[in-house]
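So the structure is just underneath, and the comments pick up after that.
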Amino acid sequence: MHTYARAVRGRPALVLRGETGLFPDYRGRGASYGFGMAYAFMEKLRHPFTPVYYLGTLVHPSSYHLFYKYFPTVYPHPAKTFPTRQRALAIELIESFPDPPVAPSDLLVRDVGWITVETSQERKLILESHRPDVQLFVTRNPGYPQGHGMVVVAPISFGNIVAAIFRRLREVLLALLRIKSPRF
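No gaps in the numbering here: position 178 of the sequence shown is 163 in the working numbering, and each next residue is one more.
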């Protein structure tokens, strides 16, 4: 993870960015979740009154799924409109980094210069998925196999972090209960 100081809407802010590369067998399991959450939480604790944002240029639906699944506030979101103010924030943030837009007509899809290697089975599952987050990702970023990244912003507020942690804990506890409960 990396932390960048930026001026956002005329005031100091921090932008968190990171890259994770996982083999296909490890995708979708939240393998990088703990590290990313701990880092984000510590940055927010160190700067409680400074706006902190995670800014991603995500090149695979499994990465976006992680944010969608745990953070109640993430942009874009398949069930919520992308408010004009948040869209402008996302553009302001991404324009402060060097990755160029894929097309001038859509500043929220960037040419990041690396790709995610997918198996043919994984690609088929993605294209046939009925998950709203996966559908949004593929619709917004059909060129992801060529190294195009969808811009994603998650405000790193105490509320968003706590909600994400509780969602993950709930998921883990339910999985443990399923393992330990007798099946009839």
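Don't be surprised by glycine CBs; every beta carbon is placed ideally from N, CA and C.
* To do: Output the distance between the C-alpha atoms of Gly134 and Gly144, rounded to the nearest integer angstrom.
  => Their Cα atoms are separated by approximately 27 Å.
* Find the nearest neighbour of Arg153 within the set Val37, Gly3, Pro57 and Ala75, judged by alpha-carbon distance. => Pro57
* **Rounded C-alpha distance that separates Val157 from Pro(-3)** => Between Val157 and Pro(-3), the alpha-carbon positions lie close to 36 Å from each other.
* Would you mind giving the Cβ-Cβ distance between Val59 and Leu1, rounded to the nearest angstrom? I have them listed as a contact below 8 Å. => Going by Cβ atoms, the distance from Val59 to Leu1 rounds to 13 Å, so no, they are not a contact pair.
* Measure the beta-carbon distance from Tyr49 to Val138 and round it to whole angstroms, keeping in mind my assumption that it falls under 8 Å. => That belief does not hold up - the Cβ atoms of Tyr49 and Val138 are roughly 12 Å apart, past 8 Å.
* Using the Cα positions of Lys109 and Glu103, report the straight-line distance between them to the nearest angstrom. => 10 Å
* Span of the beta strand (DSSP E) around Asp91 -> Asp91 to Asp96
* **N- and C-terminal bounds of the alpha helix (DSSP H) containing Pro46** => Pro46 to Tyr55
* Contact set for Gly98: own chain, Cβ-Cβ below 7 Å, skip 5 residues either direction -> Within the same chain, Gly98 has close Cβ partners Gly132.
* Report the option in Ile146, Arg163 and Tyr129 whose CA atom is closest to the CA atom of Ser47. => Tyr129
* Using 8 Å as the Cβ pair cut-off and three pairs as the minimum, do the stretch 23 to 36 and the stretch 114 to 130 touch? -> no
* Could you give the residue range of the alpha helix (DSSP H) that holds Thr124? -> Pro117 to Arg125
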